[in-house]
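Notes follow the structure.
Protein chains in written order, with our numbering: chain A, 63 to 176; chain B, 2 to 118.
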């Protein structure tokens, strides 16, 4: 079975631009979460989506938004990019919306903002 | 807010020996889950082991086992018979069960594990 996939793998943008990152969950998984991992730190929670609805949001500005599609894939959008948005963006999927569900991570998208 | 602390930024162990990685957490909840994830240089986060807080029995997965001390809010990972492939960043993570996962996983800062051949 295919794991969580993310695209693109790497991305370079300039300050002020907008970026869209994509994630496809494991087949059968209905919940997708997004995390930001700055170099040298643990991942930080951005969003969780389940059945196309936002179920949780971390402490990130409104420049960050996401959505989930009927096939349970998801997009993360970041507007007005700042240098500090440079990070590895991880997507994780889980079967259902429950705290104890194991989250399975994708390989990530490396975003560099110049 | 929940916090997860990994006090060892880096650990080194000889191949075939045993190493223990420390993790403490702070929460006012009684029902939660704890995880250890491994992140090798390829950057893919891989689940190592999962522990339900309501279970007193410590979780084990082959060479990996945990020492879960709920009262002390401690969750250490023991790796036995260390192998070169175990070299990676190890992250301890917490999630509140009753919240439905809406708060996401809270991660520690990680411990860099080096395996000496």
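All residues carry an ideal CB built from backbone N, CA and C; glycine is no exception.
Computed from a predicted structure; not experimentally measured.
Membership of residue 47 of chain B in the beta strand (DSSP E) is indicated by the continuous run 47–53.
Each residue's CA atom was taken as its position, placing residue 31 of chain B and residue 162 of chain A some 13 Å apart.
As a beta-bridge residue in DSSP terms, residue 40 of chain B pairs with B:90. Of all alpha-carbon atoms in A:64, A:108, A:67 and A:79, the one lying nearest the alpha-carbon of residue 175 of chain A is that of A:79. DSSP places residue 118 of chain A in the uninterrupted beta strand (DSSP E) bounded by 115–119. Residue range 20–22 is occupied by the beta strand (DSSP E) that includes residue 21 of chain B. Between residue 76 of chain B and residue 93 of chain B, the C-beta gap is smaller than 8 Å, which places the two residues in contact. In the pairwise beta carbon analysis, the region 122–136 of chain A is classified as touching the region 83–99 of chain A: at least three pairs are separated by under 8 Å. Contact annotation: residue 79 of chain B and residue 68 of chain B have beta-carbon atoms nearer than 8 Å. Less than 8 Å separates the beta-carbon of residue 116 of chain A from that of residue 109 of chain A. Annotation: Cβ neighbours of residue 104 of chain B in chain A (cutoff 9 Å, chain order): 107, 110, 118, 120 and 161. Cα atoms of residue 100 of chain A and residue 165 of chain A: separation of roughly 19 Å, rounded to the nearest angstrom.
For the region 145–156 of chain A, residues whose beta-carbon sits nearer than 9 Å to a beta-carbon of chain B comprise 150, 152, 154 and 156.
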